[in-house]
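Engineer: My structure is below; once you've seen it, I'll send some questions.
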């Protein structure tokens with residue numbers, strides 16, 4: 216299985232993600248400045264972890280399409296993260312939409328009384344994206360989505376994952392492959 220260090224994705228954007236292997240799955244730790252940015256980091260990290268080298272290179276040449284997703288929302292960011300990741304996998308498999316960028320629309324821009332999470336999504340034709348790994352499901356095993364205070368540290372059981380130091384937000388997700 217191919218594991219990446221802190222990754223680079225499209226257009227030179229640096230991702231603060233660290234994939235790590237588990238017994239029969241692949242895990243991912245991400246770090247960001249806000250919950251919305253953390254979701255984006257995890258989504259792009261999940262997508263990157265499935266690509267072959269050729270798939271990664273080809274992404275920069277494919278035309279981008281844009282959509283807005285409106286997903287049911289809860290008050291728990293960890294549950295929202297799982298819903299979004301499941302939607303990304305579903306869209307790739309069923310609608311042939313490979314997510315290459317995602318932004319969560321701030322709640323203050325959503326009309327009063329609406330109870331959904333709105334995401335602006337950029338995607339390419341998934342049929343043209345070469346993959347090396349197939350993710351079957353997002354698990355809740357070791358799921359973590361927390362905020363670290365200034366100077367607070369969070370270690371990892373995996374050598375390839377550095378200590379996260381706050382302030383910031385950290386997520387750990389394990390995928391069934």
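In my numbering, the protein residues as written are 216 to 392.
Where is the CB? At the ideal position from N, CA and C, for every residue including glycine.
Everything numeric in this text was worked out from a predicted model, so none of it was measured.
For the region 281-297 and the region 240-257, state whether three or more C-beta atom pairs, one from each stretch, are separated by less than 8 angstroms.
Structural biologist: Counting Cβ pairs under 8 angstroms, three or more are found: they touch.
Engineer: Taking all protein chains shown into account, decide if residue 275 is buried (16 or more other Cβ within 10 angstroms of its Cβ) or exposed.
Structural biologist: When all chains shown are included, residue 275 counts as exposed.
Engineer: Among residues of its own chain, excluding the 5 on either side of residue 287, which ones have a beta-carbon nearer than 8 angstroms to its beta-carbon?
Structural biologist: Contacts found: 298, 330, 331 and 332.
Engineer: Between the C-alpha atoms of residue 259 and residue 370, what's the straight-line distance to the nearest angstrom?
Structural biologist: Spanning the two alpha carbons is a distance of roughly 22 angstroms.
Engineer: Could you check whether residue 387 and residue 354 sit closer than 8 angstroms to each other, using their CB atoms as the reference points?
Structural biologist: No. Outside cutoff.
Engineer: List the whole-angstrom C-beta distance separating residue 247 from residue 383, where the pair is believed to meet the contact cut-off of C-beta under 8 angstroms.
Structural biologist: So it is a contact: roughly 6 angstroms between Cβ atoms.
Engineer: Suppose you measure from the CA of residue 242 to the CA of residue 265; what does that come to, to the nearest Å?
Structural biologist: C-alpha separation (whole angstroms): 12 angstroms.
Engineer: Identify the continuous beta strand (DSSP E) that holds residue 420 and give its terminal residues.
Structural biologist: Residue 420 lies beyond the stretch modelled for the chain, which goes from 216 to 392, so this question has no answer here.
Engineer: Assuming contact is defined by CB atoms lying nearer than 8 angstroms, are residue 314 and residue 279 in contact in what I supplied?
Structural biologist: No; because the gap between Cβ atoms is not below 8 angstroms, this pair is not in contact.
Engineer: Let me know the secondary structure DSSP gives residue 300 once reduced to three states.
Structural biologist: Residue 300: helix per DSSP, three-state reduction.
Engineer: Between the Cα of residue 359 and the Cα atoms of 296, 367, 352 and 319, which residue gives the shortest distance?
Structural biologist: It is 296 whose Cα lies nearest to the Cα of residue 359.
Engineer: By DSSP's criteria, residue 391 is part of a beta bridge. Which residues make up the other side?
Structural biologist: Looking at the DSSP assignment, residue 391 forms a beta bridge with 240 and 352.
Engineer: Which residues share a DSSP beta bridge with residue 287?
Structural biologist: BP columns for residue 287 point to 331.
Engineer: Span of the beta strand (DSSP E) holding residue 314?
Structural biologist: Where residue 314 is concerned, the enclosing beta strand (DSSP E) stretches over 312-319.
Engineer: Anyone know if the C-beta pair for residue 336 and residue 284 falls short of 8 angstroms?
Structural biologist: Yes, the Cβ-Cβ distance between residue 336 and residue 284 is below 8 angstroms.
Engineer: Could you check whether residue 385 and residue 240 sit closer than 8 angstroms to each other, using their CB atoms as the reference points?
Structural biologist: Taking 8 angstroms as the Cβ cut-off, residue 240 and residue 385 do not qualify as a contacting pair.
Engineer: CB-CB under 6 angstroms to residue 281, same chain, minus the five flanking residues each way: which ones, in chain order?
Structural biologist: The residues are 337.
Engineer: As a quick exercise: from 311, 245 and 301, pick the residue whose alpha carbon is nearest that of residue 345.
Structural biologist: Closest by alpha carbon: 311.
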